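Let me begin by presenting the structure, written as structure tokens, before commenting on it.
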Amino acid sequence: MTSASDASNTCDGHCPRCDQNLNADIVASESCRESWNQPGLGSLSEIDTYRILRCRGCKTLYVQRMYWFSESQDPPHVTDWPSPPAPDWVGQLDDHTLQNLLHEVYGARNAGHRVLAAIGARAALDRAMVLNGAEGASFREKFKALREKGIISETEKRMLGKLTDAGSAAAHRGWSPKREELTTLIDGMKSFLHRTLVLKSAVNAISHPSRPKKSKGISDSSRPSQ
Ligand SMILES: [Zn+2]
Numbered sequence: 053m054t055s056a057s058d059a060s061n062t063c064d065g066h067c068p069r070c071d072q073n074l075n076a077d078i079v080a081s082e083s084c085r086e087s088w089n090q091p092g093l094g095s096l097s098e099i100d101t102y103r104i105l106r107c108r109g110c111k112t113l114y115v116q117r118m119y120w121f122s123e124s125q126d127p128p129h130v131t132d133w134p135s136p137p138a139p140d141w142v143g144q145l146d147d148h149t150l151q152n153l154l155h156e157v158y159g160a161r162n163a164g165h166r167v168l169a170a171i172g173a174r175a176a177l178d179r180a181m182v183l184n185g186a187e188g189a190s191f192r193e194k195f196k197a198l199r200e201k202g203i204i205s206e207t208e209k210r211m212l213g214k215l216t217d218a219g220s221a222a223a224h225r226g227w228s229p230k231r232e233e234l235t236t237l238i239d240g241m242k243s244f245l246h247r248t249l250v251l252k253s254a255v256n257a258i259s260h261p262s263r264p265k266k267s268k269g270i271s272d273s274s275r276p277s278q
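Numbering (the working numbering), first residue to last: 53 to 278.
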């Protein structure tokens with residue numbers, strides 16, 4: 053099979069090095085199509101396409117599989133390999149529950165389990181808020197607590213609200229995010245965790261010589277003007 057995007061030799065893919073959905077060159081593409089008659093349903097078919105892609109940003113080569121089934125109402129299921137691992141800083145987190153949760157979120161995403169990954173990202177956000185001292189039974193109460201502590205801005209409060217709403221839709225209504233939506237959800241979670249749990253400690257650990265004290269007897273007004 054040669055799709056329209058194959059004909060133009062480009063497509064979207066999730067680059068394992070950039071960890072983003074980016075345009076990629078299609079280096080090679082091969083498809084396998086099967087059709088059969090199902091009693092009561094008629095003719096069914098499926099197409100499995102494998103592509104070797106080259107990221108147009110960093111030039112990394114990776115593989116993409118796209119599976120299409122004639123009876124599915126969803127867009128073709130796309131999986132990219134190898135998958136980006138969890139960020140290195142996950143190992144620096146003091147909280148092992150959060151560490152394990154994040155490894156499961158990335159594992160679910162990389163296996164194509166978008167609903168589970170979205171639910172996991174919401175749980176990781178919840179855990180991180182508690183670690184930041186947010187009391188309360190609901191997300192609304194936790195956002196309020198974080199805002200009062202000065203940990204998040206009003207803009208970030210609204211953004212976190214949208215992320216947790218998306219996670220709730222996956223948890224309670226079976227909403228399955230598109231690939232790009234899940235990337236946004238995980239990026240938002242990652243950004244909050246890194247800023248509040250990793251970067252804050254790293255910045256506090258910076259050690260530098262203190263500013264030298266001014267010599268007594270020399271005031272700013274006594275310095276020669278320039
Ligand atoms: Zn790349």
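Ideal Cβ positions, reconstructed from N, Cα and C, are used throughout, including at glycine.
Predicted, not measured: the structure shown is a model, and the values here were computed from it.
I believe residue i touches residue j by the beta-carbon criterion, under 8 Å. Please report the beta-carbon distance rounded to the nearest angstrom.
{"i": "Tyr-158", "j": "Pro-137", "result": "7 Å"}
{"i": "Ala-180", "j": "Leu-237", "result": "Between Leu-237 and Ala-180 the Cβ distance is about 14 Å, and since that is not below 8 Å, they are no contact."}
{"i": "Thr-131", "j": "Gly-94", "result": "The Cβ separation is near 28 Å, so there is no contact."}
{"i": "Arg-106", "j": "Ala-80", "result": "Contact flag wrong, Cβ pair sits at about 10 Å."}
{"i": "Glu-232", "j": "Asn-73", "result": "6 Å"}
Return yes when the Cβ of residue j is within less than 7 Å of the Cβ of residue i, no when it is not.
{"i": "Tyr-102", "j": "Arg-85", "result": "no"}
{"i": "Ser-228", "j": "Arg-161", "result": "no"}
{"i": "Ala-176", "j": "Ala-186", "result": "no"}
{"i": "Ile-78", "j": "Cys-67", "result": "no"}
{"i": "Ser-87", "j": "Ser-97", "result": "yes"}
{"i": "Ala-222", "j": "Ala-254", "result": "no"}
{"i": "Gln-151", "j": "Val-250", "result": "no"}
{"i": "Lys-194", "j": "Gly-188", "result": "yes"}
{"i": "Asp-140", "j": "Leu-183", "result": "no"}
Would you list the one or two residues that DSSP bridges to residue i?
{"i": "Asp-100", "result": "Cys-84 and Tyr-119"}
{"i": "Trp-133", "result": "Val-115"}
{"i": "Cys-295", "result": "Nothing can be reported for residue 295, as the shown portion of the chain is limited to 53 through 278."}
{"i": "Leu-105", "result": "Ile-78 and Tyr-114"}
{"i": "Gln-90", "result": "Gly-94"}
Give me the Cα-Cα distance between residue i and residue j, rounded to the nearest whole angstrom.
{"i": "Glu-208", "j": "Ser-243", "result": "11 Å"}
{"i": "Asp-126", "j": "Trp-120", "result": "9 Å"}
{"i": "Ala-56", "j": "Ser-124", "result": "Low per-residue confidence applies at Ala-56: pLDDT is 43, beneath 50, and the placement is therefore not dependable, though the value from the model is reported in the following sentence. Cα to Cα, Ala-56 sits roughly 20 Å from Ser-124."}
{"i": "Ser-122", "j": "Lys-252", "result": "50 Å"}
{"i": "Lys-265", "j": "Ala-257", "result": "23 Å"}
{"i": "Ile-104", "j": "Gly-240", "result": "29 Å"}
{"i": "Met-53", "j": "Asp-100", "result": "Bear in mind that the predicted position of Met-53 carries a pLDDT of just 44, short of 50, making it unreliable; the figure below should be weighed with that in mind. Approximately 9 Å between the Cα atoms of the pair."}
{"i": "Gly-226", "j": "Asp-217", "result": "13 Å"}
{"i": "His-246", "j": "Val-142", "result": "9 Å"}
{"i": "Cys-110", "j": "Cys-70", "result": "7 Å"}
{"i": "Gln-278", "j": "His-260", "result": "Only weak support exists for where Gln-278 lies, its pLDDT of 45 falling under 50; the value from the coordinates is given anyway. Their Cα atoms are separated by approximately 30 Å."}
{"i": "Asp-178", "j": "Glu-200", "result": "17 Å"}
{"i": "Glu-206", "j": "Asn-89", "result": "57 Å"}
{"i": "Gly-213", "j": "Ser-135", "result": "28 Å"}
{"i": "Pro-302", "j": "Ser-60", "result": "An answer regarding residue 302 cannot be provided, because it is not within the stretch 53 to 278 covered by the chain."}
Taking only beta-carbon positions, decide if residue i is within less than 7 Å of chain C.
{"i": "Val-167", "result": "This model lacks chain C altogether, as it is built from one protein chain only."}
Query raised in the report: What residues come near ligand 1, if near means a beta carbon less than 7 Å from any of its heavy atoms?
Result: Going along the chain, the residues that qualify are Cys-67, Arg-69, Cys-70, Leu-74, Cys-107, Gly-109, Cys-110 and Thr-112.
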